Amino acid sequence: MNMRIILLGMILAAFTGFSLWVLLDVGYFGIWAAGFESAGTMQILFDLVISCLVFSCWMLADAKARKVNPWPWLLAILATGSIAILVYLLVREIQKSKPTRMA
6 MNMRIILLGM ILAAFTGFSL WVLLDVGYFG IWAAGFESAG TMQILFDLVI SCLVFSCWML
66 ADAKARKVNP WPWLLAILAT GSIAILVYLL VREIQKSKPT RMA
């Protein structure tokens, strides 16, 4: 198995587990509210939003080049942020590692 797939899978599992724990603790809107508590947390929130926007622009071009519908991925990024990004990268790596079939 590809080392990128293993690494992405481990990061996705750990981050998703942590995110679910936080979600159960403070709720979905509690996560957003915490981002506005201070200038420091707002900087982190804005950094995350900018990173997701930059990735979304790259993903649009990548998805079109690979003939993949980007809209479900964009909606998932809006809802889950980095989790959807990690899933997209993992799916992309898995698809790249599959041998191509000759017709």
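Just add 5 to wherever you are in the sequence shown, counting from 1, and you've got the working numbering. Cβ atoms here follow ideal geometry from the backbone N, Cα and C, with glycine treated the same way. What you are looking at is a predicted structure, and each value in this text was computed from that prediction instead of being measured.
From the options, residue whose alpha carbon lies closest to that of residue i
| i | options | result |
| --- | --- | --- |
| S61 | V27, P104, L91, Q100 | L91 |
| I82 | M8, D30, I55, M47 | I55 |
| A84 | Q100, V73, C57 | C57 |
| I88 | F20, N7, V73, K101 | F20 |
Distance, residue j Cα to residue i Cα
| i | j | result |
| --- | --- | --- |
| A44 | W37 | 14 Å |
| S122 | L95 | Here the chain has residues from 6 to 108 only, and residue 122 is not among them. |
| G40 | F51 | 9 Å |
| A35 | E42 | Correcting the residue type first, residue 35 is Gly in the shown sequence and not Ala. Their Cα atoms are separated by approximately 11 Å. |
| E98 | I49 | 28 Å |
| L79 | N7 | 26 Å |
| G86 | K72 | 23 Å |
| P178 | A68 | With the chain running from 6 to 108 in the structure shown, residue 178 is simply not present. |
| A70 | W26 | 36 Å |
Residue i - DSSP class collapsed to helix/strand/coil
| i | result |
| --- | --- |
| S102 | helix |
| V27 | helix |
| F41 | coil |
| G32 | coil |
Proximal residues to residue i (C-beta, below 8 Å), its chain only, five neighbours per side dropped
| i | result |
| --- | --- |
| R17 | Position check: residue 17 holds Leu in this sequence, whereas Arg was assumed. If we look at L17 and ignore the five residues flanking it on each side, its Cβ neighbours are I88, L91, V92, L95. |
| M47 | G40, F41 |
| V59 | none |
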